[in-house]
Amino acid sequence: MKNFFKNLALIALVLTVASPVFAAKKWKANKDGTVDIELWYGAAVTEAGPPPADWVAYKIIKEKLGINLVITALPSNESDQDTKINAAGAANSLPDLFMVSDNCFQILTKQKLLAPVDDMFAMMPNRTAKLYDKDARKHSTVNGVCYGLDQPGTIVRNEGILIRKDWLDKLGLKVPKTTDEFFEVMKAFTFKDPDGNGKNDTYGLGAYIELKPMCEGLGARFDPWFGAFGVAGTWSMSKDGAGLNINKPEYYDALEFLKKIIDAKVIDPNWTAYKKDDYRASWKQGKFGIFREQNAAAFAESNYAPFDQNFPKGDLIIVDPPVGPKGKSAAGVYDQAYRRYCVAKSNADQTIKNWKDVDGTKKTITKKQMIARLLEWMSSDEGYYLLGYGVEGVNYVLDPKTGAPTKDGIPDKNLAFSKPKMQPLTQLRNMVYYNSDAELISRYPTYTTAVSKKQLSSLKALREMQSKPWTPVIGASLLPLPDADLQRFYEQGVVEFMTGKRQLTKANWDAWLAEFNNMGGKAWEQAGIAKMKEMNLLY
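Reading the sequence shown from the start, the letters are residues -23 to -1, 1 to 516 in mature numbering (1 follows the signal peptide of the UniProt record, and there is no 0).
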């Protein structure tokens, strides 16, 4: 009998851990009238330690929001983070708001431990406008319900189509828009001596094979030409056409157009041999007039200097990517890394009735509303600068010319926000940063070129590149990769069709494509589509 009760207790414990019970926890105001919000955050600098107990942000959040913020740094290692959060979920003791990885998010969602957050976006309009665009919301949407507050973590769409406007002007040409117009400009740049040196030493297009998991085949530098046919990148993630782009008829059409460029000898013939450094050296030497480049690689001071020295009258402009025969256009594809915060389901709807707000009014509040209030404050000017840079006049001042935070002008340079000993004050900065101009202006400053005396800014270039058409493939990094043999067959085959080693005819292409699919291409595609559906990645 003793063993029976012992086993019964063990079974009860297992069931409790496996299936958390969402009994409402008691949530009430503290003696000072504030309410506790517990946050588990990802530290900006893990080795720097947490903010001090007398951190001014605690005081402001308490006085202005009525929130007693209780924060805990998550382990720096993602695996350890997942262990901590999953254990808290199993024990029904998740904090109110916490950062979570993709893998852990999938587990918690299936266990129904996360609160829906769709209603929170309207509660924090300022923050939503800055951080939670439609791609971010979709990234955490499962079966039509959003369970995560996803913030962009990387700079995307930071490349563009550049063209030598001085060459266009020299030859009396307009900026091309369609694939046919681009082809005509390429011919003129190749055969009509656009640099006026009397030599046959220029080409219309420059490129090289830059392969990435989401840009197989000819790689990212050729993406704008595939984008003109609606098949940029490795994968299509659209609901009505998900799969490998290489299997689409338009991919063959794109290859035909590129083969026309190659056969016309209007592309720098070194495209198969160039590496990144060779490619960049070549456009700075004036070897070609149309190419895809990254904003800083083209317009940052040290990178632009050789071109400025070689061509003081040279003029690089960013143009719209080519428009194909069916009106499609894309500079390329882009994925996005996100930093995700979630709200515990067991906590979200806890209510305090007749709570006295900081303005003296009494109201009924939920924990979810208070979390939204906290996050909205974080994205206000006050919260943004305090969490991102510290105290104005002490840790930073705003540059009167650029409006960006700077350490120049503060009384004690040892207290600058960038100093290691000040880093605990900005441990939550990843919760407010959104790649704003203020954040990027120090990385991409405006400057005057040494020779031509032009004023350039790679930040301005970035914003212009981001405004052009792009194809989103958010989550492509989570899709399966081909095995080495299939990848080799894929990449070598496409190049061989372009170089003439294989004759590009529809019959030859169809035969090669059938071989590709038979050796694993179709299985790879099916696995990718299944993953897209499983993780709600389709557009």
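Backbone N, C-alpha and C fix where the C-beta goes; we use that ideal spot for every residue, glycine too. Remember, predicted model here, so these are calculated numbers, not experimental data.
For G505, the enclosing alpha helix (DSSP H) has its first and last residue at K499 to E511. Each residue's CA atom was taken as its position, placing D127 and E161 some 44 Å apart. In the DSSP annotation of this structure, the continuous segment of the beta strand (DSSP E) that includes A50 starts and ends at I44 to A50.
The beta-carbon separation of V450 and G210, rounded to 6 Å, stays under the 8 Å limit for a contact.
Here M475 carries a helix assignment [DSSP, helix/strand/coil].
Per the coordinates, the alpha-carbon of D143 lies some 7 Å from the alpha-carbon of K290. DSSP, reduced to helix, strand and coil, places S213 within a strand of the structure shown. With contacts defined as CB atoms closer than 9 Å, A65 and P72 qualify as a contacting pair. The DSSP assignment places complete alpha helix (DSSP H) segments of no fewer than 4 residues inside the segment 108 to 187 at 111 to 116, 142 to 148 and 156 to 168, in order along the chain.
Membership of C81 in the alpha helix (DSSP H) is indicated by the continuous run D79 to K87.
By the 16-neighbour rule on beta-carbons within 10 angstroms, A491 is exposed. In the three-state reduction of the DSSP assignment, L463 falls in the helix class, which pools H, G and I.
I267 is bridged by DSSP to I140 and L182. Taking the CA atoms as reference points, P377 sits about 33 Å from A30. Of all C-beta pairs linking the segment 99 to 110 to the segment 343 to 356, three or more are shorter than 8 Å, placing the two stretches in contact. If you check the CB distance, L458 and P190 come in under 9 Å. Contact between L16 and V47 holds: CB atoms are separated by about 7 Å, below the 8 Å threshold.
Taking Q443 as the centre and dropping the five residues before and after it, the same chain places the C-beta of R134 closer than 6 Å to its C-beta, in chain order. Distances from the CA of T155 to each of D57, N513, Q503 and F203 were compared; the closest alpha carbon is that of F203. In this structure, the straight-line span from the alpha carbon of D95 to that of D110 is close to 12 Å. DSSP places W332 in the strand class (E or B) of the three-state scheme. Less than 9 Å separates the beta-carbon of K169 from that of L148. A184 is positioned such that its CB atom lies closer than 9 Å to that of I244. When the Cα atoms are used, L515 and K384 turn out to be separated by approximately 44 Å. Contact annotation: P422 and L436 have beta-carbon atoms nearer than 9 Å.
Judged by DSSP secondary structure, T60 falls within the alpha helix (DSSP H) whose first and last residues are E55 to A67. DSSP links K339 through a beta bridge to K333. Counting C-beta atoms within 10 angstroms of its own C-beta, N324 has 16 or more neighbours from the protein chains shown and is therefore classed as buried.
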